[in-house]
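Note sheet for the following structure.
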Amino acid sequence: LVDRFCVDVSELLGVFVACVLSVVNSQGRKKRPTRMAQPKGLSQSKEALLKSYTKRLKDDMKSMIDNFTEIIKSTRVPLEEEGQVLRPLQVTQDQYEMHVRAANIVRAGESLMKLISDIKQYLILNDFPFVNDSIAQNSQRYCSVQMDCDQRLMSLRDDMAAELYDLEEEYYSSCYK
């Protein structure tokens, strides 16, 4: 049962790793039209960075899986004839081992959070075409909003001028001037 659970967790984490790597690789390999060709050094550094991200991801996931598997395995109760160490001593040893392995899982989780942060920062800082497209879209949207506001103001001005003309006519033709 423990082995089946660990296999299921491994498969789930493998799918997660594959998804993250496909996103990172697709962002890194997108062909974008540029005005100038990128230097080879930049492309190689990008590939090296993506490989380091991949390695960090795989190492942290492997660490989490291994530590979780060992925690699950250490929860079984040994038979009397299996252990040469006294039972209370074995329980204390298992408890400390679980604490260390849980701390290793937390460390690997924090490392994954840092990796996610690094990937986000990399994509935000190095995805200039996306930023430029976003700026262009916002500029177009604000220009259309400005034109709409200008049209509404012109319509309001014309309506107010017509009403003011009617009011002036009424005022000057009345006996109360």
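Its first residue numbered -5, the sequence shown is counted upward by one per residue in our numbering. Positions of the beta carbon are idealized from the N, C-alpha and C atoms, including for glycine. These numbers come from a predicted model, not from an experiment.
Discussion item. I need the DSSP call for S57, collapsed to helix, strand or coil.
Written reply: Start at 1 with the first residue of the sequence shown, and residue 57 comes out as number 63. In this structure, S57 counts as helix in the three-state DSSP scheme.
Worksheet entry | Chain-order list of residues whose beta-carbon lies under 7 Å from that of G35 (same chain, five-residue window excluded) | Residue mapping note: residue 35 aligns to position 41 of the sequence shown, counting from 1. Bear in mind that the predicted position of G35 carries a pLDDT of just 49, short of 50, making it too unreliable to give a figure here.
Worksheet item: Where does R50 sit, in a helix, a strand or coil, going by DSSP?
Response: Within the sequence shown, residue 50 is the residue found at index 56, counting from 1. The answer is helix: DSSP assigns R50 an H, G or I state.
Worksheet item: Using 8 Å as the threshold, is the stretch 65 to 72 in touch with the stretch 87 to 95, meaning 3 or more CB pairs across them?
Response: Taking one beta carbon from each stretch, the stretch 65 to 72 and the stretch 87 to 95 have 3 or more pairs nearer than 8 Å; the two touch.
Item to complete: Excluding the 5 residues preceding and the 5 following L43 in the sequence, name in chain order all residues of the same chain whose CB lies nearer than 6 Å to its CB.
Response: Numbered from 1 along the sequence shown, position 49 holds the residue referred to as residue 43. Cβ-Cβ distances below 6 Å link L43 to nothing in the same chain once the five nearest sequence neighbours on each side are left out.
Worksheet item: Between the stretch 48 to 58 and the stretch 105 to 119, do at least 3 Cβ pairs fall closer than 8 Å?
Response: Judged by Cβ distances under 8 Å, the stretch 48 to 58 makes contact with the stretch 105 to 119, as three or more pairs qualify.
Worksheet item: Taking the alpha-carbon positions, what's the K49 to S39 distance?
Response: Sequence index remark: in the sequence shown, residue 49 carries index 55 (1-based). Sequence index remark: in the sequence shown, residue 39 carries index 45 (1-based). If you take the alpha carbons of K49 and S39, they lie about 15 Å apart.
Worksheet item: On the three-state DSSP scale, how would you describe S172?
Response: Since the first and last residues shown for the chain are -5 and 171, residue 172 lies out of range.
Worksheet entry | Sequence-distant residues of its chain with Cβ nearer than 8 Å to C143 (five each side left out) | Along the sequence shown, one-based indexing puts residue 143 at 149. Cβ within range, chain order: n/a, list empty.
Item to complete: Give the secondary structure of L150 by DSSP, where H, G and I count as helix, E and B as strand, and everything else as coil.
Response: Sequence index remark: in the sequence shown, residue 150 carries index 156 (1-based). Under the three-state reduction of DSSP, L150 is assigned to helix.
Worksheet item: Between G103, H93, L80, L83, which lies nearest to I59 when the distance is taken from Cα to Cα?
Response: By 1-based counting over the sequence shown, the position of residue 59 is 65. Measuring from the Cα of I59, the nearest candidate turns out to be G103.
Worksheet item: Using a Cβ-Cβ cut-off of 6 Å (strictly less than) and excluding sequence neighbours within five positions of E164, which residues of its own chain qualify?
Response: As a first step, residue 164 is located in the sequence shown; it is residue number 170 there, counting from the start. Same-chain partners within the cutoff: there are none.
Worksheet entry | Assigned secondary structure, Y170 (DSSP; H/G/I helix, E/B strand, else coil) | Counting from one through the sequence shown, the residue named residue 170 turns up at place 176. Assigned with DSSP and collapsed to three states, Y170 falls in coil, not helix or strand.
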